[in-house]
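So the sequences go chain by chain: A and B.
Under the working numbering, read the first sequence as residues 259 to 820, first letter to last.
Under the working numbering, read the second sequence as residues 419 to 620, first letter to last.
All remarks here apply to the structure that follows.
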Amino acid sequence: MATQTPVPAAVDQTTETAPRRLVFEVLQDWISTTDHKKIGMLYIGYSLIFLVIAGFEAMLMRIQLAFPNNHAVSPQAFNRLFTMHGTTMVFFVGMPILFGFGNYLVPLMIGARDMAFPRLNAFSFWISAFGGLLLYFSYIGGDGMYGAGSAPDVGWWAYAPLTAHAFSPGHSTDYWTLAVFLSGIGSVGTALNIVTTIISMRCPGMKMNRMPLLVWLYLSMSLLTFVAVGPLTAAQIMLMLDRYLGSHFFDAQAGGSAVLWMHFFWIFGHPEVYVLVMPAFGFASEIIPVFSRKAIFGYTAMVAASIGICFVSLSVWAHHMFTVGLGPAGNAFFTLSTMAIGVPTGIKIFNWLATIWGGKVHFTTAMLFAVAFLFQFMLAGLTGIMLSVAPLDWQLGGSYFVVAHFHFVLVGAILFMLFAAFYYWYPKMTGRLLSEKIGKWHFWIFLIGFHLCFDLMHIPGMLGMPRRIYTYEADRGWFLLNFLVSTGAGIQTIGTLIFVFNMVWSYFKGEVAGPDPWDAWTLEWATASPPPAYNFATTPSVASRRPLWDLKHPEDTDGQYE
Amino acid sequence: MSEAAVIPQAQVGEWKLPSKGVVGMACLIIAEAAIFIIFVVAYLYYVGKSLSGPTPKEVLEIPILTSICLLSSSITVHYAVSSLHKGVRAATSLWLALTVLLGGIFLAGTGMEWYKLIDPNDGHAPLTIRTNLFGTTFYSLVGLHASHVIIGLIMLTLALIFSLTGKLNSMHTEKLEVLSLYWHFVDAVWIIVFLVVYVFGR
Chain A
259 MATQTPVPAA VDQTTETAPR RLVFEVLQDW ISTTDHKKIG MLYIGYSLIF LVIAGFEAML
319 MRIQLAFPNN HAVSPQAFNR LFTMHGTTMV FFVGMPILFG FGNYLVPLMI GARDMAFPRL
379 NAFSFWISAF GGLLLYFSYI GGDGMYGAGS APDVGWWAYA PLTAHAFSPG HSTDYWTLAV
439 FLSGIGSVGT ALNIVTTIIS MRCPGMKMNR MPLLVWLYLS MSLLTFVAVG PLTAAQIMLM
499 LDRYLGSHFF DAQAGGSAVL WMHFFWIFGH PEVYVLVMPA FGFASEIIPV FSRKAIFGYT
559 AMVAASIGIC FVSLSVWAHH MFTVGLGPAG NAFFTLSTMA IGVPTGIKIF NWLATIWGGK
619 VHFTTAMLFA VAFLFQFMLA GLTGIMLSVA PLDWQLGGSY FVVAHFHFVL VGAILFMLFA
679 AFYYWYPKMT GRLLSEKIGK WHFWIFLIGF HLCFDLMHIP GMLGMPRRIY TYEADRGWFL
739 LNFLVSTGAG IQTIGTLIFV FNMVWSYFKG EVAGPDPWDA WTLEWATASP PPAYNFATTP
799 SVASRRPLWD LKHPEDTDGQ YE
Chain B
419 MSEAAVIPQA QVGEWKLPSK GVVGMACLII AEAAIFIIFV VAYLYYVGKS LSGPTPKEVL
479 EIPILTSICL LSSSITVHYA VSSLHKGVRA ATSLWLALTV LLGGIFLAGT GMEWYKLIDP
539 NDGHAPLTIR TNLFGTTFYS LVGLHASHVI IGLIMLTLAL IFSLTGKLNS MHTEKLEVLS
599 LYWHFVDAVW IIVFLVVYVF GR
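Here it is in structure tokens:
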């Protein structure tokens with residue numbers, strides 16, 4: 259059995275009352291930083307700003323749709339709103355906030371002092387950040403020479419030939435394609451960094467089969483990013499060539515194919531969903547065991563399922579295109595492959611349930627969000643299976659049913675797990691716990707708003723309400739449902755504001771956390787909160803998957819069972 | 419819940435991990451390969467679908483000489499790395515210079531090919547990126563590859579300058595090896611592009 263001689267984590271001798279630094283010094287420190295923790299927090303802060311902006315856009319859309327024959331915003335503005343909402347949420351909220359958590363947590367969890375390439379890390383963040391600024395600069399600069407357009411209004415898929423010069427004059431679409439292109443470069447850079455860090459910077463004893471599951475999921479997610487974002491980058495280059503140099507990739511008049519763009523976009527688009535959801539799986543795989551006071555059930559199966567999702571998710575993209583008409587062979591293949599991806603995800607759900615089963619469950623706010631995630635992700639998966647059946651998809655494709663389905667994944671699963679992650683790791687990042695009392699209010703209000711909004715949204719879809727519709731006639735029978743959906747959106751906004759308040763209040767008044775407030779088992783809790791710049795005073799070395807358990811229970815270490 | 423953080427220290431045997439540079443370059447190659455695959459798919463999808471001429475058969479000549487040059491540069495860059503590993507500086511500079519020269523010949527060949535294709539006085543209808551689908555896919559795929567050759571040449575030239583000024587020694591073997599991996603990738607991509615554009619597509 260491994261003998262352990264623990265050493266103190268930090269030898270930081272800074273006095274508590276160090277002189278206040280000038281604002282400029284602080285600013286310079288953050289802008290020029292290459293510390294993975296600071297870059298992680300920059301990512302998170304930047305995404306939260308965009309989350310508020312894109313959430314505001316969603317609210318405007320819901321106000322417009324709350325009543326029939328409404329004209330709260332103009333039809334042109336409405337097109338811009340759903341384009342900007344989708345693009346922002348996927349590329350400038352979802353990706354960066356998950357990369358932010360990855361940046362912060364992965365080196366700490368594997369006992370490293372920084373990412374493998376710190377300067378590349380800073381570069382990736384800033385290029386993504388400028389991509390986001392470029393997207394929003396389009397509100398000012400998109401006018402171009404034609405006086406047409408302001409922000410992009412081509413939808414977040416930007417289907418050809420709508421993006422061609424003839425149909426999208428001005429520069430708005432150029433801003434869209436450049437912003438997405440830059441975000442893609444940033445994503446590949448960070449993914450490269452995460453993979454290299456995980457492969458080459460693990461602390462002694464941290465074999466691949468001893469890594470925390472979150473690290474495994476970030477590894478899978480980053481590998482998937484390479485193969486998913488590559489096609490998107492290629493398609494953006496083609497679109498730019500079409501728009502700037504007059505080439506004909508997606509120009510039907512010269513024989514080009516609009517369907518090719520759809521294929522290229524969805525070869526990116528579907529794996530992207532898994533890129534976004536896998537970190538959420540990672541958070542769940544850390545939070546659920548700690549608050550069930552049990553080791554994760556089926557570690558090996560979880561890892562295998564993650565890798566399985568990576569592979570299967572690359573063969574399902576055309577289920578977004580059933581309505582195009584793929585022919586019987588295509589329909590059958592993509593229906594089956596889409597159903598097959600339910601298997602590894604199902605394995606994960608069962609493993610989380612088995613982890614909770616028989617555990618001594620602590621219902622902290624983080625755990626509440628994680629449990630809600632389990633239910634909601636399963637429901638989202640079930641509507642996904644419905645949509646995978648090509649004939650049903652012909653009925654429901656392009657309707658509000660689809661909108662409800664993917665918001666169940668993106669909000670019900672990913673955002674809920676992100677909230678859980680905030681409640682769980684906020685003390686590590688700031689040194690203070692988020693208020694549990696405010697947190698419970700946040701959870702219940704957001705949960706009610708979420709279900710009011712997105713449960714009911716399925717129904718207008720089944721009644722035939724198309725997505726992206728600007729307004730509807732009063733006699734369609736969609737009014738009450740839409741009104742309730744909009745009310746739900748408003749309640750979620752209130753829930754989010756409570757969360758923002760909690761973050762600010764707890765930063766100043768929250769309970770001091772100490773290094774390990776949850777009695778957890780992974781290495782990030784073996785440092786001070788917040789961790790010193792060098793993370794670990796000495797390099798840790800581990801002998802099992804739960805090094806801090808071994809430390810706290812030397813009489814019953816994990817190594818005997820693994 | 420412990421009040422002070424403690425770092426676990428377990429007894430661990432010998433601990434060796436893969437090199438950061440090699441893993442990072444492998445990741446970059448995967449991501450780049452995904453981009454190239456999409457361009458290759460677009461090329462194959464549009465073969466023979468142009469609504470107007472010129473066709474590949476009319477205007478394309480097979481660039482055998484320059485292809486041989488590019489592929490041999492993989493061998494020379496390999497020798498540059500192994501000379502550096504052995505610490506033979508003069509040989510490193512020589513092999514690097516040869517690599518840059520061979521890569522440069524390839525790039526010049528592509529330039530001349532493009533010039534002839536675009537030139538209207540060359541006895542055939544001029545081909546630009548706007549002419550037809552063949553022009554669109556040809557210039558973008560070959561151009562994407564050529565831009566990778568340019569990036570590789572810039573880095574190899576830098577390495578050559580460092581080698582000539584004596585700043586390169588056997589400590590830098592791994593760095594040069596990572597660069598050589600990129601160069602091998604660029605060469606491997608050319609085999610695919612060559613087959614797609616000049617063999618199957620013609």
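Where a beta carbon is used, it is the ideal one built from N, C-alpha and C, also for glycine.
In this text the structure is predicted, and so the values were computed from the model without any measurement.
Proximal residues to residue i (C-beta, below 8 Å), its chain only, five neighbours per side dropped
i, result
"HIS542(B)", "PRO472, GLU476, VAL477"
"TYR461(B)", "THR555, PHE556, LEU559, VAL614, VAL615, GLY619"
Residue i versus residue j - alpha carbon distance
i, j, result
"TRP736(A)", "ARG803(A)", "53 Å"
"LEU488(B)", "LEU481(A)", "30 Å"
"LEU654(A)", "PHE635(A)", "20 Å"
"TYR396(A)", "PRO277(A)", "This sequence places Ser at residue 396(A); Tyr is not what is there. Their Cα atoms are separated by approximately 42 Å."
"ILE297(A)", "GLY513(A)", "46 Å"
"ASP808(A)", "THR815(A)", "5 Å"
"VAL607(B)", "MET466(A)", "32 Å"
"PHE759(A)", "TRP702(A)", "16 Å"
"LEU497(A)", "ALA486(A)", "17 Å"
"LEU650(A)", "ILE567(A)", "24 Å"
"GLY527(A)", "TRP699(A)", "35 Å"
"PRO436(B)", "GLY444(A)", "24 Å"
"VAL424(B)", "LEU742(A)", "52 Å"
"ARG548(B)", "ALA418(A)", "18 Å"
"LEU781(A)", "MET469(A)", "10 Å"
"MET419(B)", "ALA791(A)", "No answer about MET419(B) holds up, because its pLDDT of 45 lies below 50 and its placement is not dependable."
"PRO775(A)", "ALA678(A)", "15 Å"
"THR431(A)", "LEU586(B)", "47 Å"
"MET659(B)", "LYS534(B)", "A question about residue 659(B) goes unanswered here, because the residues of chain B that appear run from 419 up to 620."
"HIS663(A)", "LEU673(A)", "14 Å"
"LYS606(A)", "ALA628(A)", "13 Å"
"ALA422(A)", "MET347(A)", "24 Å"
"MET625(A)", "GLY656(A)", "35 Å"
Those residues which DSSP pairs with residue i across a bridge
i, result
"PRO724(A)", "SER657(A)"
"ARG833(A)", "Past the edges of chain A, shown from 259 to 820, lies residue 833(A), and the structure says nothing about it."
"SER799(A)", "GLN427(B)"
Neighbouring residues, chain B, relative to residue i (Cβ below 8 Å)
i, result
"PRO354(A)", "Here the premise fails: no neighbours, minimum Cβ distance about 18 Å."
"LEU499(A)", "ILE547, THR554, SER558"
"LEU450(A)", "GLY442, CYS445, LEU446, ALA449"
"GLY463(A)", "ALA428, VAL430, TRP433"
Interface residues of chain B facing residue i [CB-CB closer than 9 Å]
i, result
"THR796(A)", "ILE425, GLN427"
"PHE375(A)", "LYS438, GLY442"
Beta-carbon neighbours of residue i, restricted to chain A and to distances below 8 Å
i, result
"VAL477(B)", "None at all; the shortest Cβ gap to chain A is about 17 Å."
"ARG548(B)", "LEU503, GLY504, SER505, HIS506"
"TYR463(B)", "SER515, LEU518"
Close-in-space but distant-in-sequence residues of the same chain around residue i (CB under 7 Å, 5 per side omitted)
i, result
"PRO547(A)", "ALA553, ILE554, THR613"
"PHE556(B)", "VAL615"
"VAL770(A)", "GLY689, ARG690"
"PHE659(A)", "HIS716, GLY719, MET720"
"VAL364(A)", "ILE452, THR455, ILE456, VAL473, TYR476"
Neighbourhood of residue i by C-beta distance below 6 Å, restricted to the same chain and skipping five residues each side
i, result
"VAL465(B)", "GLY619"
"PRO462(A)", "SER799"
"ALA437(A)", "GLY389, LEU392, LEU393"
"ALA370(A)", "MET459"
"ALA260(A)", "Residue placement at ALA260(A) is poorly supported in this model, since its pLDDT is 44, which falls under 50; the coordinates still yield a value, given next. Result list for ALA260(A): ALA801, in chain order."
Contacts of residue i in chain A (Cβ-Cβ under 7 Å)
i, result
"SER468(B)", "GLY513"
"LYS585(B)", "The contacting residues do not exist; LYS585(B) stays about 20 Å from chain A at best."
"ALA452(B)", "PHE484, VAL485, GLY488, PRO489"
"LEU551(B)", "HIS506, ALA512, GLY513, GLY514"
Residue i: contacting residues in chain A (beta-carbon distance under 9 Å)
i, result
"VAL614(B)", "Correct list: empty, because the minimum Cβ distance to chain A is about 15 Å."
"ILE610(B)", "Neighbours of ILE610(B) on chain A: none; closest Cβ ~14 Å, over 9 Å."
Beta-carbon neighbours of residue i, restricted to chain B and to distances below 7 Å
i, result
"ARG823(A)", "As shown, chain A starts at 259 and ends at 820. That puts residue 823(A) outside it, with no answer to give."
Which complete alpha helix (DSSP H) runs does the segment 532-581 of chain A hold, if anything under 4 residues is left out?
557-570
Runs of 4 residues minimum, wholly inside the segment 568-614 of chain B: which ones carry the alpha helix (DSSP H) assignment?
591-611
Ordered list of beta strand (DSSP E) runs contained in the segment 469-542 of chain B, each at least 3 residues
none
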